[in-house]
Amino acid sequence: MPSIEELITARERAARAAEPAIPADLPVIACERLVRIFSVAGVETQALQGLDLVLRRGELTALIGASGSGKTTLLNILAALDLPTGGRAVVAGHDLLTMRARDRLAYRRSTVGFLWQQTSRNLLGHLTVAENIELPMRLARSRRTDRKARTSELVDLLGIADCRDQLAAGLSGGQQQRAAIGVALANRPAILLVDEPTGELDAESADDVFGALRAVNDHDRVTVLVVTHDETVSEQVSRTLAIRDGRISTEVLRRTGTDEQGQAAHFAQEYSVLDAAGRLQLPADFIEALALKDRVRLTLEPDHVRVLPDRDDSVGRDA
Ligand SMILES: Nc1ncnc2c1ncn2[C@@H]1O[C@H](COP(=O)(O)OP(=O)(O)OP(=O)(O)O)[C@@H](O)[C@H]1O
Ligand SMILES: [Mg+2]
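Quick note on my numbering: the sequence shown kicks off at 309 and runs consecutively.
See below:
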C-alpha cells in the first residue's frame, strides 16, 4: 500500500504533467499590447502603455527602466497577482486574463518563482538557509529525500553551501539574495521573476548574485526575467530590454565572437523596438542631439528609413 505522502506526491506529479506542454520554439512569455491603468481618487496613471514582450525558454533577460516606468507592475501581472486593463499575456501556456482563481494559485506555486523588491518578503529570518529552501517543497508535499537532494543542489549552484545551516537573518545581503533565489526555484518553476535584486548591494555582492542567476539559468534551463533601474546590469546578461513609459523602447543583444585580429571579443548591438502597430521610440539622446520635437519627417530609402527634423519651411510654398 502506498503511504498518504506518496499518494499526494503522485497526485501533484499528475497535476503538473497535465499542465500544457510548451514546444521548445514557442515563447514562454508572450505579452501583446499590455495596458495597466491605475485609478486612485479619480486620478489615472497609465503604468503600462501597450507593452509587447516575448521571452523564449531558457533566456536570461534584463529589463531596465527608471523608477515608475512600470517594471513592478509588469512583474505583478506575470506573477498572476494583478490583472492588466487590456492586452494579452500568455505565460507557459496559461492565458493570464482568463485564468480561474484556483489555477492562479497552482500557477504561483509551480509555474513561476519570484524574488521580491522588498527583500524581507523573500526569506524567514528565524529559519536556516536550508529550512527556507525546503519550505516551498514541504508546502508542495515533496518527498523528504527529494527535498534534501534539491536543497543540496541549489546551495551548491548558488555558492552558499557554507552557510546552509545559518539563520537567514544573520547572512550578508548578497547571501540572502542567493538564498532567496533558492527558495524561488525550490519547486523547479519554468520562470523566475526577479525585481531589483541588487539595489541594496555593493558591486562585488551584486556580481555574485548575477553569477548565481546565470548558474541556475544554465542548470535548470529556467527562463529568467530580471527588472532593475541599474543600467550596468546589461553587462551581466546576453539580452537587455529598456522600458520607458510603460513600453519596451530598445533592446541590446550581446554575444561573444572573434574580432578582426582573431581575438575573443564581446559585441553589443542596440536595437529600437518596433511594436505590432509599427510604433517606434527614438533614443532620448538622439532626440536631444537634433532637438527633435512634435513631429519629424520620414523618408523611405532603398535599405533604410531616414528621420529628419521638421525644419523645412518650404512645405507648401511650391504649390
Ligand atoms: N497600486 C497602484 N496604485 C496606483 N498607482 C500605482 C500602483 N502601482 C503602481 N502605480 C503607478 O504606476 C507607475 C509604475 O509603477 P511601478 O511600481 O510599476 O514602477 P517601477 O518601474 O517598478 O518603479 P521602481 O523602480 O521605483 O520600483 C508609477 O507611476 C506608480 O506610481
Ligand atoms: Mg518597482
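Every residue gets a Cβ at the ideal spot worked out from N, C-alpha and C, and that includes glycine. The structure presented is a predicted model; accordingly, all values stated were derived computationally and were not measured.
(request) Kindly confirm or deny that the stretch 490 to 508 and the stretch 525 to 542 touch, where touching means at least three C-beta pairs closer than 8 Å. (result) yes
(request) Indicate the three-state DSSP secondary structure (helix, strand or coil) for Ser557 in the structure shown. (result) strand
(request) State yes or no: is the C-beta of Thr380 nearer than 6 Å to some heavy atom of ligand 2? (result) yes
(message) Distance cutoff 7 Å, beta carbons only. Does Leu363 sit that close to anything in chain C?
(response) Annotation note: the requested chain C is absent from the structure, which comprises a single protein chain.
(request) State the beta-bridge partners of Phe346 as determined by DSSP. (result) Thr353
(message) Please classify Phe346 as buried or exposed, where buried requires at least 16 neighbouring CB atoms within 10 angstroms.
(response) exposed
(message) I'd like to confirm something about Gln425: is its beta-carbon nearer than 6 Å to some heavy atom of ligand 2, or not?
(response) yes
(message) Any heavy atom of ligand 1 inside 6 Å of the beta-carbon of Val348?
(response) yes
(request) Consult DSSP for Asp611 and reduce its assignment to one of helix, strand or coil. (result) coil
(message) Just checking Ser428 against ligand 1 - is the residue's beta carbon closer than 6 Å to any of the ligand's heavy atoms?
(response) no
(message) My output table needs one value for Asp360: the three-state DSSP class, helix, strand or coil.
(response) strand
(message) Please return the same chain residues whose Cβ sits closer than 7 Å to the Cβ of Ala469, not counting the five positions on each side in sequence.
(response) Val463
(request) Give a single yes or no on whether Ala355 has its beta carbon closer than 6 Å to a heavy atom of ligand 1. (result) yes
(message) For the structure I just gave you, are there three or more beta carbon pairs, one from the stretch 358 to 365 and one from the stretch 553 to 572, closer than 8 Å?
(response) yes
(request) Classify Ala597 as buried or exposed, calling it buried when 16 or more other Cβ atoms lie within 10 Å of its own Cβ. (result) exposed
(request) Tell whether a beta-carbon distance below 7 Å holds between Ala438 and Arg472. (result) yes
(request) Evaluate contact between the stretch 484 to 491 and the stretch 371 to 388, counting only Cβ atoms and requiring at least three cross-stretch pairs below 8 Å. (result) no
(request) Taking Val517 as part of the alpha helix (DSSP H), name the residues at either end of that continuous run. (result) Ala511 to Asp528
(request) Please go through the same chain and pick out, in chain order, the residues whose beta-carbon is closer than 8 Å to the beta-carbon of Leu342, but skip the five residues on each side of it. (result) Leu356, Gly358, Leu359, Asp360, Leu361, Leu382, Ile385, Pro392, Gly394, Gly395, Arg396 and Ala397
(message) When you measure from the CB of Ser377 to every non-hydrogen atom of ligand 1, does any distance come out below 6 Å?
(response) yes
(request) Buried or exposed for Asp454, please, with buried defined as at least 16 other CB atoms from any protein chain shown within 10 angstroms of its CB. (result) exposed
(message) Quick check on Asp503: does DSSP put it in helix, strand or coil?
(response) strand
(request) Classify Gly482 as helix, strand or coil using the three-state DSSP reduction. (result) helix
(request) Pull up the distance between the alpha-carbon of Ala448 and that of Arg496, whole angstroms please. (result) 11 Å
(request) Mind listing, in chain order, the continuous alpha helix (DSSP H) runs of no fewer than 4 residues lying wholly within the stretch 450 to 477? (result) 452 to 465
(message) For ligand 1, I want to know if His402 counts as a neighbour, meaning its beta carbon is within less than 6 Å of at least one of the ligand's heavy atoms.
(response) no
(message) When you compare the CB positions of Leu549 and Glu559, do they come within less than 7 Å of one another, or not?
(response) yes
(message) On the CB-based measure, 16 or more other CB atoms within 10 Å of its CB, does Pro617 come out buried or exposed?
(response) exposed
(message) Am I right that Ser513 and Ser480 are in contact with their C-beta atoms under 8 Å? What's the rounded C-beta distance?
(response) 7 Å
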